Structure formats: C-alpha cells, structure tokens
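Remarks on the structure that follows.
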Amino acid sequence: MERADEICSIGIRRGVIRLTSVEMRTTYGGLIEGVPTASHNERVIERAAERAGKMFRRPVYVVPPVRTGGGRTGFRGEPVEFLPPVECTGSFSGPPTSRAAGDWWFTSLAVVWFQALGGRVVHPDAEKAMYGMPWDELAQDFTFDDW
Numbered sequence: 015m016e017r018a019d020e021i022c023s024i025g026i027r028r029g030v031i032r033l034t035s036v037e038m039r040t041t042y043g044g045l046i047e048g049v050p051t052a053s054h055n056e057r058v059i060e061r062a063a064e065r066a067g068k069m070f071r072r073p074v075y076v077v078p079p080v081r082t083g084g085g086r087t088g089f090r091g092e093p094v095e096f097l098p099p100v101e102c103t104g105s106f107s108g109p110p111t112s113r114a115a116g117d118w119w120f121t122s123l124a125v126v127w128f129q130a131l132g133g134r135v136v137h138p139d140a141e142k143a144m145y146g147m148p149w150d151e152l153a154q155d156f157t158f159d160d161w
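In my numbering, the protein residues as written are 15 to 161.
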C-alpha cells in the first residue's frame with residue numbers, strides 16, 4: 015500500500031484505480047442444500063450487484079466470473095456449475111472519465127468480482143480480469159456539489 019487512502023492499487027487499461035472499500039464473503043455461504051447450478055449462480059451474481067449498488071450508491075460493474083462445471087447434474091437435471099469461492103464487492107476510485115468537468119473531485123465505481131482464496135485482497139487472476147473494465151463508460155464523476 016503506497017497511500018493511506020487505499021487498500022490496494024490495480025492497473026486497468028484506463029490507468030490506475032485504487033480500492034478504497036471492500037467486503038468479502040463466501041460465494042455459497044447461504045446454500046443450505048444441493049449444489050450450485052448456472053441459474054443459481056445467476057441469482058448469486060444479480061444479488062451481489064444489487065447489494066453493491068445499495069452499499070455504494072453508484073454504478074456497478076460485475077467482472078465476468080470464471081465458471082467451472084462438475085460434469086454432473088443437479089436437483090432438476092441442470093448441470094452443476096461453480097463460481098470461485100470468494101465473492102468480493104469493492105469501491106474503486108480512479109482517473110476522471112471524459113465526462114468530468116468543472117470542479118471535478120473524484121471518480122468512483124462499485125465493482126463485484128469472484129476470486130479464489132489467496133493471500134492478497136485482490137487475487138492476481140481477478141486483477142487480470144479487471145484490466146479491460148469499461149471505466150470511462152461506467153464510473154461516476156463526483157464534484158464538490160455532489161456532497
């Protein structure tokens with residue numbers, strides 16, 4: 015960590031973004047019975063995006079998660095599918111978008127990603143997947159008037 019106002023920095027195509035807040039949970043912590051399927055995972059991803067939008071009150075980008083199959087079928091004959099075991103929701107700040115004007119203060123985007131366990135806050139595989147993030151299209155520019 016190079017700055018006191020960040021948890022970590024990540025390089026994306028647009029520049030460097032800084033993680034300023036993060037929440038992590040187990041991906042299947044609420045799965046009581048059965049195995050995850052593609053339709054179940056879609057609901058997991060949708061709920062994570064909804065939580066991120068409510069938590070940070072800004073646009074949300076979901077990094078497309080890696081999905082792996084178990085080669086078997088679940089309860090209703092749907093193929094078993096797994097997401098990485100850790101669901102992450104974070105707020106990133108970074109370079110202004112082309113829409114930033116006037117008394118621009120900072121630019122931010124809420125991001126949801128799923129990652130493997132590891133010793134870093136953002137797993138290297140997740141960091142690579144974030145590289146192409148559409149920052150200019152989705153990030154929100156804030157001015158002093160927004161506060």
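In this text, a Cβ means the ideal position worked out from N, Cα and C, and glycines have one as well.
Note that the structure is a prediction, hence the values are computed from the model and not measured.
For VAL58, the enclosing alpha helix (DSSP H) stretches over residues 52-70. DSSP lists THR121 as the bridge partner or partners of ASP155. Take ALA140, set aside five residues on each side of it, and the residues of its chain with a beta-carbon closer than 6 Å to its own are TRP127, GLN129, in chain order. Rounded to whole angstroms, CYS102 and GLU64 show a C-alpha spacing of 13 Å. For MET38, there is no enclosing alpha helix (DSSP H); the residue is part of the beta strand (DSSP E) that begins and ends at 29-40.
In this structure, THR40 and VAL100 form a Cβ contact; the two beta carbons are roughly 7 Å apart against a cut-off of 8 Å.
Under the DSSP assignment, GLU101 falls in the beta strand (DSSP E) whose first and last residues are 100-108.
In the DSSP annotation of this structure, GLU20 is not part of any alpha helix (DSSP H), being labelled neither H nor E.
By the Cβ neighbour-count rule, MET144 is buried, with 16 or more other Cβ atoms within 10 Å of its own.
For GLU47, there is no enclosing beta strand (DSSP E), as DSSP gives it neither H nor E. Going by DSSP, GLU95 is part of the beta strand (DSSP E) stretching over 93-96.
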